[in-house]
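S.K.: Order-wise, the sequence lines are chains Y and Z.
If you read the first sequence in this note's numbering, its first letter stands for residue 1, the second for the next number, and so on.
If you read the second sequence in this note's numbering, its first letter stands for residue 1, the second for the next number, and so on.
C-beta: ideal position from N, C-alpha, C; glycine also.
My questions all concern the structure below.
There are 2 protein chains.
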Amino acid sequence: MLKLEFKPYILQKKYVFRIAGGARTSTPLVLTKLSYDGVEGFGEASMPPLYGESIETTIQFISKIDLSAFTNPYETESILEYVDQIAPGNQAAKAAFDIALHDLICKLLGIPLHHYFGLPAKNLVTSKTIGIDTPEVMAQRVQEASDFQYLKIKLGTDNDRELVEAIKLVSDQPLYVDANQGWKDKEIALDFIHWLKEQGVVFIEQPLPKANKADLAWLTARSPLPIIGDEGIQRLTDLKDAASLYHGINIKLMKSTGLREAFKMANTAKALGLKIMLGCMSETSCAIAAAAHLGALADWIDLDGNLMITNDPYHGHQVQNGKIMLNRFTGIGLLNPQWNQIPDYVEKI
Amino acid sequence: MLKLEFKPYILQKKYVFRIAGGARTSTPLVLTKLSYDGVEGFGEASMPPLYGESIETTIQFISKIDLSAFTNPYETESILEYVDQIAPGNQAAKAAFDIALHDLICKLLGIPLHHYFGLPAKNLVTSKTIGIDTPEVMAQRVQEASDFQYLKIKLGTDNDRELVEAIKLVSDQPLYVDANQGWKDKEIALDFIHWLKEQGVVFIEQPLPKANKADLAWLTARSPLPIIGDEGIQRLTDLKDAASLYHGINIKLMKSTGLREAFKMANTAKALGLKIMLGCMSETSCAIAAAAHLGALADWIDLDGNLMITNDPYHGHQVQNGKIMLNRFTGIGLLNPQWNQIPDYVEKI
């Protein structure tokens, strides 16, 4: 019998995290544990406000999952199809289940997750994300991230150029830029991307609002840097028209409903000639460890969500000099998870 | 260490097999065995003449595979990427390796192949294929196939209507129609498809030559029955413009380079809103058994290649009343394969 448990959790960020569209100091999570035959798999839902999920909606969703019809955890497609049709949306909640299921299966099989997906144990060069702040503070954060080979800079403000200039004064690291839908005018965006290219920027994530499809297609057809869809691309079926809007996609477990659909998205993106970025939300080392196993499928990795928090309940892969060193444990690669030491409840915020 | 062996084999057909474009009584194969740690996986290449492969090209290709760099069979993506880049084409040869690798991995893991792909053990309603012949002979073959719920009729002749009428006189089974690129005029094809719909036909496979893309798009936009791409869709990257040409695709291991890419093709097809048919060539129970594990991903199954031959060296899943009963053995599901009893050489034809 498959048994699912969960606990809410508030993940505390090291710094106030600002992006185009909001700022926060914590992220609500729901942690999951799926047991079968004495083996335990762990998962996680992370709910940044943008996507409309919360601890309440996630617990409500997870509480509806009735696994009594499933006697074989290896039939992931059937199990996850059942979970998916319980209610639309709820991608993070679905991911919390999917990740725990994959951790469980791989432990039962005695293999690390990347081998379940047929992938090599690839160490991953991840970028480090710098949230929006004053030019001085952003420059300071950049200096603190000198270990990392790539930085991901959040933009989408009225003084983006000033922010980039402040960063370039203190760093030669190549930059990924994430505008989080913060730019509104396609022509101004195109001019600015030309300038960003001269500053050593590698690609631009979600420059325009995801609903502005005609403008995105226009910009992607002209941009000298790859345009990556993030907010605009969540699940597999969103890839249908992705190649006309973007050069690549940012796959995140919390959008894709977890590992299985993320794997399918990566394969489909390759078929469509789309570049692949593997990203994350603010997450514990659980969801980050899981996503890292798909790293061999990605062109660019941004899996630093667990490096910017103060109360990570788990230990996963080590990060050395900006490289995620994929460990060889079975499952997603958590080291001795202490589920019972995680409190059952969180204080109401 | 991974060790690959192979043997050529001539598969004899029960009847002369005619389709639009050719007739034959046998099919050249290369059978493979991949060993690791005392465990053996089995695979197969089937080379119908259309795709340009032969026993010679396949043995030449397989002989180039050097597995000394790979110590871990679970890293299928890396291993298969290496095999794929040895030379272009050679899809059946690549499938022979891919199938043996998956059989091996699943035996090492102790699971049946469908569980490796996260799929349930689904019994499959397969169609039975009726080759082109005189109306009388086709009607006789249809009567011999009364166990099957669906028939797949080969057309693409000058007297297609007469053939269908002869079949309908003796059978009420719903029909799949495969024209094998045999129709040349899109308007005549459309008229005929309207008539075929009245005869209980379910879909039309490859009505027009695969190169006639504008005509295919025209026909697919107007056809009252689903149009399925077969010759026109071989590998994952062929799906890029598939949705504008076809309503669905016929996935065959001998075109896709094997199971892994077939699985990716099925997932991508779903993302693109394409229907999925799972088909085969003339094959032994080895490749048929392997393909059957992907059956849960397909809308229509045509896995009868092992039912129309007289010298099958293997035993796989049982077929009862037109249903493939997926067995629960580990790997692809061969029952006690007798590799050593298969001769090492075939007589030159």
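Would you grab the beta carbon distance between Q173 of chain Y and F203 of chain Y for me? Rounded to a whole angstrom, and I think it's under 8 Å.
M.R.: Not really, about 14 Å apart at Cβ, beyond 8 Å.
S.K.: Could you say which of Z:A271, Z:N212 and Z:A217 lies nearest to R235 of chain Y if we only look at CA atoms?
M.R.: Here the closest residue by C-alpha is Z:A271.
S.K.: Give a yes or no on contact between the stretch 77-97 of chain Z and the stretch 244-260 of chain Z, applying the rule of three or more CB pairs nearer than 8 Å.
M.R.: yes
S.K.: Can you check which of these residues, Y:Y15, Y:G118, Y:Y314 and Y:L2, is closest to Q140 of chain Y by C-alpha distance?
M.R.: Y:Y15
S.K.: Report the CB separation of K323 of chain Z from L124 of chain Z in whole angstroms; it is logged as a contact under 8 Å.
M.R.: 7 Å
S.K.: Per DSSP, P313 of chain Z forms a beta bridge with which residues?
M.R.: Answer is none; P313 of chain Z lacks a bridge partner.
S.K.: Helix, strand or coil, according to DSSP, for D178 of chain Y in the structure here?
M.R.: strand
S.K.: Measure the beta-carbon distance from A289 of chain Y to L334 of chain Y and round it to whole angstroms, keeping in mind my assumption that it falls under 8 Å.
M.R.: 6 Å
S.K.: I think P73 of chain Y touches L29 of chain Y, with their Cβ atoms under 8 Å apart; what is that distance to the nearest whole Å?
M.R.: Taking the Cβ atoms as the reference, P73 of chain Y lies roughly 23 Å from L29 of chain Y, outside the contact range of under 8 Å.
S.K.: Could you check what DSSP says for F42 of chain Y in three-state terms: helix, strand or coil?
M.R.: Correct three-state label for F42 of chain Y: strand.
S.K.: What separation, rounded to the nearest whole angstrom, lies between the Cα atoms of T27 of chain Z and W300 of chain Y?
M.R.: 45 Å
S.K.: Could you pull out every residue in the same chain whose Cβ sits closer than 8 Å to the Cβ of Q143 of chain Z, ignoring the five residues on either side in sequence?
M.R.: V170 and S171
S.K.: Please determine, among Y:L155, Y:E44 and Y:N327, the residue with the shortest C-alpha to C-alpha distance to H293 of chain Y.
M.R.: Y:N327
S.K.: In the DSSP assignment, the beta strand (DSSP E) including L31 of chain Z goes from what residue to what residue?
M.R.: G22 to Y36
S.K.: Please go through the same chain and pick out, in chain order, the residues whose beta-carbon is closer than 6 Å to the beta-carbon of D230 of chain Y, but skip the five residues on each side of it.
M.R.: E205, Q206 and N250
S.K.: May I have the straight-line CA-CA distance separating I227 of chain Y from H247 of chain Y, to the nearest angstrom?
M.R.: 5 Å
S.K.: Taking the beta carbon of S285 of chain Y as the centre, do at least 16 other beta carbons fall within 10 Å, making it buried, or is it exposed?
M.R.: When all chains shown are included, S285 of chain Y counts as buried.
S.K.: Which residues, taken in chain order from the stretch 266-279 of chain Y, show a beta carbon closer than 8 Å to some beta carbon of chain Z?
M.R.: N267, T268, K270, A271, L272 and G273
S.K.: Taking DSSP as the reference, what is the three-state secondary structure of F61 of chain Z?
M.R.: In the structure shown, the three-state DSSP call for F61 of chain Z is helix.
S.K.: Flag this pair as yes or no: are the beta carbons of I65 of chain Z and V39 of chain Z separated by less than 7 Å?
M.R.: With a cutoff of 7 Å on beta-carbon distance, I65 of chain Z and V39 of chain Z are scored as not near each other.
S.K.: Just the Cα atoms here: how many angstroms apart are E281 of chain Z and V201 of chain Y?
M.R.: For clarity, residue 281 of chain Z is Met in the given sequence; the question names Glu instead. Computed Cα separation, rounded: 50 Å.
S.K.: For I111 of chain Y, return the contacting residues in chain Z, with the cut-off set at a CB-CB distance below 8 Å.
M.R.: Y74 and L109
S.K.: Please report the straight-line C-alpha distance between V96 of chain Y and A45 of chain Y, rounded to a whole angstrom.
M.R.: The residue you asked about is not Val; residue 96 of chain Y is Ala in the sequence shown. So the two alpha carbons sit approximately 5 Å from each other.
S.K.: With contact counted as at least three CB pairs below 8 Å, one residue from each stretch, are the stretch 334-346 of chain Z and the stretch 109-126 of chain Z in contact?
M.R.: Fewer than three beta-carbon pairs drawn from the stretch 334-346 of chain Z and the stretch 109-126 of chain Z are found closer than 8 Å, and the two stretches are therefore not classed as touching.
S.K.: Check the DSSP bridge columns for Q341 of chain Y and list the partner residues they point to.
M.R.: Looking at the DSSP assignment, Q341 of chain Y forms no beta bridge with any residue, so it has no partner.
S.K.: Please go through the same chain and pick out, in chain order, the residues whose beta-carbon is closer than 6 Å to the beta-carbon of L216 of chain Y, but skip the five residues on each side of it.
M.R.: L208 and L245
S.K.: By how many angstroms is the C-alpha of A291 of chain Z removed from the C-alpha of G110 of chain Z?
M.R.: 19 Å
S.K.: Quick one, are the C-beta atoms of I332 of chain Z and L11 of chain Z less than 7 Å apart?
M.R.: no
S.K.: Residues of chain Y with CB under 9 Å from H247 of chain Z, in chain order?
M.R.: Under the 9 Å cutoff, chain Y gives no residues; its nearest Cβ is about 15 Å from H247 of chain Z.
S.K.: List the whole-angstrom C-beta distance separating I99 of chain Y from A287 of chain Y, where the pair is believed to meet the contact cut-off of C-beta under 8 Å.
M.R.: 6 Å
S.K.: So W82 of chain Z is in the alpha helix (DSSP H); what residue range does that whole segment cover?
M.R.: According to the sequence as given, residue 82 of chain Z is Tyr; it is not Trp. Start and end: T76 to D84.
S.K.: Identify every run of the alpha helix (DSSP H) within the stretch 226-271 of chain Y, keeping only runs that are complete inside it and at least 4 residues long; order them along the chain.
M.R.: Runs of the alpha helix (DSSP H) inside the stretch 226-271 of chain Y: 242-245, 253-256 and 259-271.
S.K.: Are P337 of chain Y and F42 of chain Y touching if we call contact CB-CB under 7 Å?
M.R.: yes
S.K.: Does chain Y have any CB closer than 7 Å to the CB of T237 of chain Z?
M.R.: yes
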